[in-house]
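Asker: Sending over a structure as structure tokens; questions will come in a sec.
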Amino acid sequence: MEEVINIKIRIGTRTSRLALKQGEEIIRGLKELYPEIGIAVVGFKTSGDRDKVTPLAGLERSDFFTDEIDRALLTGEVDCAVHSAKDLPDPLPEGLIVAALTMSIDRDEVLVSRSDLNLNRLPRGARIGTSSIRRKNQVHAIRPDLEVVD
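Counting from 44, one number per residue, gives the positions in the sequence shown under this note's numbering.
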């Protein structure tokens with residue numbers, strides 16, 4: 044007689060729409076490889092979800108969007124976590140590793156402007172708002188003359 048083993052994985056993620064979509068992407072991948080496992084999503088509101096006033100550029104801590112989820116992972120409340128790579132703390136908390144990186148569903152970023160201008164057609168010295176250090180670096184790599192503000 045074959046022994047049946049029931050496995051249920053608890054995935055920790057933020058409750059934002061983007062984070063939940065990223066969680067769904069992970070679940071689809073796991074289900075393709077291991078259709079027999081059960082998966083539960085455990086949603087968290089992190090410091091970054093609750094604090095809407097602190098400018099991200101001035102943060103002294105790098106776990107603003109991951110803190111509660113990482114604690115839950117370390118205490119065994121969840122088995123794994125899904126984070127946006129840009130939100131990963133540096134360094135990772137002791138005892139945690141990046142176990143996998145996925146292909147992004149949509150790697151495109153968008154520029155929203157009041158006029159019909161793309162990044163290349165913005166005037167010299169134009170101001171672009173983003174709180175992401177990664178995006179600031181990307182903009183400056185393409186257009187070092189632009190001012191990137193939080």
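Glycine is no exception: its CB is placed at the ideal position from the N, C-alpha and C atoms.
Three or more C-beta pairs under 8 angstroms: does that hold for the segment 104 to 118 against the segment 131 to 145?
Answerer: For the pair of segments examined, the segment 104 to 118 was found to touch the segment 131 to 145: the number of CB pairs separated by less than 8 angstroms reaches three.
Asker: Let me make sure I understand the geometry here. Which of G55, N49, L189 has the alpha-carbon closest to that of S127?
Answerer: Reading the sequence shown from its first residue, position 84 is the one you call residue 127. Of the listed residues, the one whose Cα sits closest to S127 is G55.
Asker: What ranges does the alpha helix (DSSP H) occupy inside the segment 96 to 154, keeping only unbroken runs of at least 4 residues that lie completely in it?
Answerer: 110 to 118
Asker: Give a yes or no on whether the C-beta atoms belonging to V155 and T173 are separated by under 8 angstroms.
Answerer: Here residue 155 refers to the residue found at position 112 of the sequence shown. Here residue 173 refers to the residue found at position 130 of the sequence shown. The criterion of a C-beta distance shorter than 8 angstroms is not satisfied by V155 and T173.
Asker: Quick one: Cα of V182 to Cα of L63, how far?
Answerer: Translated into the one-based positions of the sequence shown, residue 182 becomes position 139. Translated into the one-based positions of the sequence shown, residue 63 becomes position 20. Computed Cα separation, rounded: 27 angstroms.
Asker: In this structure, how does DSSP classify E190 when only helix, strand and coil are distinguished?
Answerer: Translated into the one-based positions of the sequence shown, residue 190 becomes position 147. In this structure, E190 counts as strand in the three-state DSSP scheme.
Asker: When the Cα atoms are used, what is the spatial distance from S59 to R167?
Answerer: What you label residue 59 is simply residue 16 of the sequence shown in a count that begins at 1. What you label residue 167 is simply residue 124 of the sequence shown in a count that begins at 1. About 35 angstroms.
Asker: R57 to E79, Cα distance in whole Å?
Answerer: As a position in the sequence shown, residue 57 is number 14, starting the count at 1. As a position in the sequence shown, residue 79 is number 36, starting the count at 1. Cα to Cα, R57 sits roughly 25 angstroms from E79.
Asker: According to DSSP, R53 sits in a beta bridge with which residue or residues?
Answerer: Working through the sequence shown from its first residue, we reach residue 53 at position 10. In the DSSP secondary-structure assignment, R53 is bridged to A83.
Asker: Between R93 and V121, what straight-line distance do the alpha-carbon atoms span, to the nearest angstrom?
Answerer: Sequence index remark: in the sequence shown, residue 93 carries index 50 (1-based). Sequence index remark: in the sequence shown, residue 121 carries index 78 (1-based). R93 and V121: Cα-Cα distance of roughly 21 angstroms.
Asker: Measure the C-alpha to C-alpha separation of T145 and I69 and round it to an integer number of angstroms.
Answerer: The sequence position of residue 145 within the sequence shown is 102, counting from 1. The sequence position of residue 69 within the sequence shown is 26, counting from 1. Each residue's Cα considered, the two are about 8 angstroms apart.
Asker: Would you mind stating whether L73 and I82 have Cβ atoms separated by less than 8 angstroms?
Answerer: Residue 73 sits at position 30 when you count from the first residue of the sequence shown. Residue 82 sits at position 39 when you count from the first residue of the sequence shown. It is a contact, given that the beta carbons lie within the stated cut-off.
Asker: Between K129 and R177, is the Cβ-Cβ spacing less than 8 angstroms?
Answerer: In the sequence shown, residue 129 corresponds to position 86, counting from 1. In the sequence shown, residue 177 corresponds to position 134, counting from 1. Yes, these two residues count as a Cβ contact at 8 angstroms.
Asker: Can you give me the C-alpha to C-alpha distance between D113 and A124, rounded to a whole angstrom?
Answerer: Mapped onto the sequence shown, residue 113 falls at position 70. Mapped onto the sequence shown, residue 124 falls at position 81. Near 7 angstroms, if we compare the C-alpha coordinates of A124 and D113.
Asker: Return yes when at least one heavy atom of the ligand MG lies under 7 angstroms from the C-beta of I185, else no.
Answerer: What this structure holds is no ligand at all, so the ligand MG is not there to describe.
Asker: Roughly how many angstroms separate the alpha carbons of K51 and T118, rounded to a whole number?
Answerer: In the sequence shown, residue 51 corresponds to position 8, counting from 1. In the sequence shown, residue 118 corresponds to position 75, counting from 1. Approximately 17 angstroms, taken between the alpha carbons.
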